[in-house]
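The structure appears right after this line, and notes come after that.
In the numbering used here, the protein residues as written are 376 to 452.
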């Protein structure tokens, strides 16, 4: 799941045009932590995933049978 989280975070952050520092500030994380997440060096925990989803104003979808296995989907406006 580390790789799935890394891919989901990078994909959503890039789609929003945010830097790792911007995501870190919005999520209440250090920039180093965001970079570690994107490098697959952080175990995904529910509190971390919830914090990232809130920062992205998104819902997280996890489905190991699909690719990508994890994704952040923007809330409907």
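Heads up, the beta-carbon is just placed ideally off N, CA and C, and yes, glycines get one too.
As the structure is a computational prediction, the values presented were derived from the model and not from experiment.
The region 443-450 makes contact with the region 377-392: 3 or more CB pairs, one atom from each, lie closer than 8 Å. Straight across, the Cα-Cα distance linking residue 430 with residue 398 is about 7 Å. Per DSSP, reduced to three states, the secondary structure at residue 414 is coil, with no helix or strand assignment.
Cβ neighbours of residue 438 within its own chain (closer than 7 Å, five residues either side excluded): 444. For the pair residue 424 and residue 435, the Cα-to-Cα distance works out to about 8 Å.
Collapsing the DSSP output to three states places residue 445 in a strand. Cβ-Cβ distances below 6 Å link residue 410 to 395 in the same chain, with the five nearest sequence neighbours on each side left out; the list follows chain order.
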